[in-house]
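**Student:**
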Amino acid sequence: MFPTRAYPRDAEAIVALRDDLARWQLGSGIAQWQPGEVTADMVRTQIADQEWFVLRDDGAISATVRVMEDDPRIWDDLVAPGTGDALYVHGLMVRRTHRGRGLGGVMLDWVAGRVRDAGRATLRLDCAAANTALRAYYVGLGFRERGEREFPAPWKTLARFEKQVA
Numbered sequence: 000m001f002p003t004r005a006y007p008r009d010a011e012a013i014v015a016l017r018d019d020l021a022r023w024q025l026g027s028g029i030a031q032w033q034p035g036e037v038t039a040d041m042v043r044t045q046i047a048d049q050e051w052f053v054l055r056d057d058g059a060i061s062a063t064v065r066v067m068e069d070d071p072r073i074w075d076d077l078v079a080p081g082t083g084d085a086l087y088v089h090g091l092m093v094r095r096t097h098r099g100r101g102l103g104g105v106m107l108d109w110v111a112g113r114v115r116d117a118g119r120a121t122l123r124l125d126c127a128a129a130n131t132a133l134r135a136y137y138v139g140l141g142f143r144e145r146g147e148r149e150f151p152a153p154w155k156t157l158a159r160f161e162k163q164v165a
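Counting from 0, one number per residue, gives the positions in the sequence shown under numbering that gives the first Met the number 0.
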């Protein structure tokens, strides 16, 4: 089971998955995402930039990840933009019905392989600082916390993580 590039027709499904997870998070008291803050047009543009990858189960998307070459909005205070030492993850999502199958780890392991293949050494990601379960998940996968950074709403405070993979 390996992720493949997302197609433009996947944009609506990716947004629907994100909105579904956002509603679940809010219902669980987790302040991470808000429904409607990402649009299909935004995702289609990111797909055209070859940033989205999906894992399919019987044709349906079961997990997603967005992989970026650089992320200066979140990391520029710690890493000079354009250094080319890392890949950056956003939009790591697993369909709730697939929870507990280890798909998040599968996706992150796959991205780590892309980091190595690109001749880079580091995988970086972030999450809402208040999301203690997700923070613990990343630490459990071997990520090291690199501090928090304040942003205006809707992001608020983000916790940043990195993992050496080379």
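C-beta: ideal position from N, C-alpha, C; glycine also.
Just so we're clear, the structure is a prediction, and the values are computed from it rather than from any experiment.
Rounded to the nearest angstrom, what separates histidine 89 and valine 66 at their Cα positions?
**Tutor:** Residue numbering aside, residue 89 sits at position 90 when the sequence shown is read from its first letter. Residue numbering aside, residue 66 sits at position 67 when the sequence shown is read from its first letter. So the alpha carbons of these two residues sit roughly 6 Å apart.
**Student:** If distances are taken between C-alpha atoms only, which option among Gln31, Ala59, Glu68, Asp116 comes closest to cysteine 126?
**Tutor:** Position 127 of the sequence shown, counting from 1, holds the residue named residue 126. The residue with the shortest Cα to Cα distance from cysteine 126 is Gln31.
**Student:** Which word fits tryptophan 23, buried or exposed, when buried means at least 16 other C-beta atoms lie within 10 angstroms of its C-beta?
**Tutor:** For the purposes of this step, residue 23 is taken as the residue at position 24 of the sequence shown. Exposed: under 16 other Cβ atoms inside 10 Å.
**Student:** Using 10 angstroms around the beta-carbon of proline 7, count the other beta-carbons present and answer buried if the total reaches 16, otherwise exposed.
**Tutor:** As a working mapping, residue 7 is identified with position 8 in the sequence shown. Proline 7 should be labelled exposed.
**Student:** When you compare each of Gln33, Asp48, Glu68 to leucine 16 by their alpha carbons, which one comes out closest?
**Tutor:** Counted from its first residue, the sequence shown places residue 16 at position 17. Considering only alpha carbons, the answer is Gln33.
**Student:** Give the DSSP-derived three-state secondary structure of aspartate 57 in the structure shown.
**Tutor:** The sequence position of residue 57 within the sequence shown is 58, counting from 1. In this structure, aspartate 57 counts as coil in the three-state DSSP scheme.
**Student:** Starting from arginine 43, follow the alpha helix (DSSP H) in both directions and report where the run begins and ends.
**Tutor:** To locate residue 43, count along the sequence shown from 1; it is residue 44. 39-47 is the extent of the alpha helix (DSSP H) around arginine 43.
**Student:** If you follow the alpha helix (DSSP H) that valine 14 is in, where does it begin and where does it stop?
**Tutor:** By one-based count along the sequence shown, residue 14 stands at place 15. 10-26 is the span of the alpha helix (DSSP H), which, as asked, contains valine 14.
**Student:** Are three or more beta carbon pairs between the stretch 45-64 and the stretch 104-122 nearer than 8 Å?
**Tutor:** Result yes; three or more Cβ-Cβ pairs closer than 8 Å.
**Student:** For alanine 39, which option in Glu161, Ala12, Arg143 has the closest C-alpha, if you only look at C-alpha atoms?
**Tutor:** Here residue 39 refers to the residue found at position 40 when the sequence shown is read from its first residue. Alanine 39 has its Cα closest to that of Ala12, out of Glu161, Ala12, Arg143.
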